[in-house]
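Converting from the sequence shown to the working numbering requires adding 13 to each position, the first position being numbered 1.
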Amino acid sequence: MSSSLDQRTAPAPEGSRPTPLPRRTRAYALPEVRWALAALGLFLLALPPYLLGGPAWLWGALFAGAYATGGWEPGREGLKALRERTLDVDLLMVVAALGAAAIGQVLDGALLIVIFATSGALEAVATARTADSVRGLLDLAPATATRLLADGAEETVDAGLLAVGDTVLVRPGERIGADGEVVGGASEVDQATITGEPLPVAKETGDEVFAGTVNGTGALRVRVGREPSDSVIARIVRMVEEASRTKAPTQLFIEKVEQRYSVSMVLATLAVFAVPLTFGDDLTSALLRAMTFMIVASPCAVVLSTMPPLLSAIANAGRHGVLAKSAVVMERLGQVDAVALDKTGTLTEGTPRLTDVRPLPGTGLDADALLRLAASAEHPSEHPLARAVVDAARERGLALAPADAFAATPGRGVTATVEGRRIELGSPARLLPDAHHARVHPHPDTRPTHPDTHAAHPETDHARVQPENDPASLVRELEEAGSTAVAVLRDGEPVGVLGVADRLRPDAAATVAALTRLTGRAPVLLTGDNERAARRVAGRVGITDVRAGLLPEEKVAAVRAWEAEGRRVLVVGDGVNDAPALAAAHCGVAMGRAGSDLALETADAVVVRDELAAVPAVVALSRAAHRLVVQNLVIAGAFIAVLVAWDLFGTLPLPLGVAGHEGSTVLVGLNGLRLLRSAAWPRPARS
């Protein structure tokens, strides 16, 4: 995604206003990023002369610069917390780094500073990008609308000034300016941003439409039913912002005990210095013992116990196509114990494909001939069903004939003259006299709008060829199998039926099974699609709990209800309508290929390669990282306990204390890097 600050525009349908793409904050524009880069650069410059025995003034000055640029921000925040009578790990890290430098361990202190500065920069970038996407979502709703006056005249007004009861004209290809009800005209509206439905939905008088959705080929007159500030798209913006604010503060494991550890260490250091003085020890000896104690008890190894395993897991996941946005995200992924999945674009591919070609006996057409006629007639159309038919014909190497007198009628289909014959394709309910009563889907107004995964074997993507005598029975069979039926007529007579479906991802069932094993309960399906289509997909992948027909706020309500029961919910989705649930969940994962900008920025992790099987794999990797964190904490704790006891009850030489401290730090660091190995990536779920 671009981080450019310039205003760009996305291609828009003819006749519509270009839609501005959301501005992206440059990472370098954030002060946290600039300070972190400066600290890292100075650290890398100081490293060669320090390791090669160069002049102390050179590497000393560079290290001092790294301390200053990377440490002033956490130091300032730590002092603010101190004024509020809390002691956080930021200030403790700065003090530990300065203490290390005071006894000559400048490299260790600088490394701590760089780690903390980098962590803060990553968090700042993630926050800024989420805010960018929320602002960009507002661009989905058009800035202006065409309002119809009582005398029939038209006026262009600011969409934000529309009032309930106004009537607006929405021309072909335009975005609808307000939530409302169709009072005239017929068209097909792409409302995937709101409901997630994979195909445009037929709209005619009496149907509801939403602001920000895209009108198809017909003109609509819409009566405004909600104030612009209360539209579905505006509510999505508010829900994402609210969920981002109210989501529990994200903390790494070690940060959860930072107060106790920080206070205990400070008090213990003061006691180690003061108690010997009370019993007559000299100042130098007491100070040396206290300094040694601070070094061996400092949380360097504890901090490195957490970060290397999580950062290694992030790197490994990235190599396998999963982008986890922070170490906190990687930790949270392994904590989930419930999963909610979207349907279209998540369990399914989100792109209609031709699944069946059924020529009728006695027409003189075989499957290829029927498909060629249909694709030739559909070629000028931009409807997703038409593209599926044309793509299938091209994949089979069929030469398309020119189409003359092409016409597309919303709610009916297309008509064209191909090789001197009048070819019609569209809704069986409209084109086949006997199909209306045989239909499974109760929509009498258009091509069926909820295609679903077909029941054929995955290898038969284009054509299950099975001639039947009755076109109505063919329609019923295809729709019962989960496909959208498209009737084909030649000179007014039925010659065949095509089946189009949104194909199930090949690894969907195995992914559901893997997530069930990991969490101990089967995932739940949350979708804006209709109940029948949702249950058909759920049945094929092994999901029994189905919540269909949900608006974005209803998805959020379901997630919050589970969270209130003590569950840690993982939500997997791809659309704008999924973004509020992704933000509200304990952890959100977005499918990257077709995911909306808002979903990608709101989610905690993104499956870049669009492989659904990577979701359980990254959850398992996160749990492996957590096990390494626990191992490292045990190792670091053991070293600290032994060295502290030696210093308190014996005489621990400072060089030996430093060596033991550094040895534990190196040991836990190397242990954490084990997750960089390719073998550490769990084998993804397979069908």
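Note that beta-carbon positions come from the ideal geometry of N, C-alpha and C, so glycine has one too.
Quantities reported herein were computed from a predicted structural model and do not represent experimental measurements.
Give me the DSSP bridge partner(s) of residue i.
i, result
"ILE189", "For ILE189, which the question treats as bridged, DSSP gives no partner whatsoever."
"GLU506", "ARG503"
"ARG560", "LEU539"
"MET604", "VAL620"
"SER711", "No information on residue 711 is available, as it lies outside the stretch 14 to 700 that the chain covers here."
"GLU437", "THR428, LEU502"
"ASP171", "THR157"
"LEU511", "VAL370, VAL499"
"GLY586", "ALA603"
"VAL195", "VAL235"
"GLU492", "Partner(s): none; GLU492 has no beta bridge."
Inspect the beta-carbon positions of residue i and residue j and report whether they are closer than 9 angstroms.
i, j, result
"VAL177", "ARG96", "no"
"ILE189", "VAL227", "yes"
"SER325", "ALA638", "yes"
"LEU445", "VAL402", "no"
"THR157", "ARG236", "no"
"VAL499", "PRO593", "no"
"LEU413", "SER389", "yes"
"PRO365", "THR540", "no"
"ALA114", "PHE76", "yes"
"GLY73", "VAL107", "no"
"LEU511", "ASP369", "yes"
"VAL582", "LEU354", "no"
"LEU538", "ASP520", "no"
"ASP192", "SER244", "yes"
"GLY198", "ARG160", "no"
Out of the options, state which residue places its alpha-carbon closest to the alpha-carbon of residue i.
i, options, result
"THR532", "LEU175, THR357, VAL632", "VAL632"
"ALA163", "LEU182, GLU221, GLY579, SER691", "LEU182"
"GLN204", "ALA418, GLY229, PRO322", "GLY229"
"GLU506", "ARG409, PRO484, GLU614", "PRO484"
"LYS338", "GLY197, ILE327, ARG332", "ILE327"
"GLY375", "HIS333, GLY509, MET307, ALA421", "GLY509"
"GLU624", "ALA224, LEU125, LEU487, GLY331", "GLY331"
"THR218", "GLY225, ALA224, ALA232", "ALA232"
"ARG400", "VAL488, MET343, PRO213", "PRO213"
"ARG553", "THR361, ALA42, GLY88, ALA654", "THR361"
"GLY433", "ALA547, VAL315, ALA416, LEU124", "ALA416"
Classify residue i as helix, strand or coil using the three-state DSSP reduction.
i, result
"LYS338", "coil"
"ALA571", "helix"
"ASP355", "coil"
"ARG622", "coil"
"VAL631", "helix"
"HIS450", "In this prediction, HIS450 has a pLDDT of 42, which is less than 50 and means its spatial position is unreliable; nothing more can be read from the coordinates."
"PRO666", "coil"
"ALA51", "helix"
"ALA416", "strand"
"GLY426", "strand"
"GLY369", "Contrary to the premise, residue 369 reads as Asp rather than Gly in this sequence. Note: ASP369 maps to strand in three-state DSSP."
"THR226", "coil"
"LEU680", "helix"
"THR157", "strand"
"VAL349", "coil"
"ARG96", "helix"
"ASP483", "coil"
"THR361", "strand"
"LEU233", "strand"
"LEU378", "coil"
"HIS456", "For HIS456, the predicted model reports a pLDDT of 36, less than 50, meaning its position is unreliable and no value from the coordinates is stated."
"VAL177", "coil"
I'd like to confirm something about residue i: is its beta-carbon nearer than 8 angstroms to some heavy atom of the ligand SAH, or not?
i, result
"GLY512", "Although the ligand SAH was asked about, the structure shown includes no ligands whatsoever."
According to the neighbour-count rule (16 or more other Cβ atoms, all chains shown, within 10 Å of its Cβ), is residue i buried or exposed?
i, result
"VAL572", "buried"
"SER691", "exposed"
"SER705", "Because the chain is modelled from 14 through 700, residue 705 falls outside the range shown and cannot be assessed."
"PRO68", "exposed"
"ALA476", "In this prediction, ALA476 scores a pLDDT of 44, lower than 50, which makes its location untrustworthy; the coordinate-derived value is nonetheless stated afterwards. With 16 or more Cβ atoms within 10 Å of its Cβ, ALA476 is classed as buried."
"GLU578", "exposed"
"LEU70", "Before going on, a small fix: residue 70 reads as Trp here, not Leu. Under this definition TRP70 is an exposed residue."
"LYS216", "buried"
"SER277", "exposed"
"GLY377", "exposed"
"LYS93", "exposed"
"ASP542", "buried"
"PHE783", "No answer is possible for residue 783: it lies beyond the span of the chain, which begins at 14 and ends at 700."
Against chain C, with Cβ distances strictly below 9 angstroms, would residue i count as a contact?
i, result
"LEU646", "The structure shown contains no chain C, having only a single protein chain."
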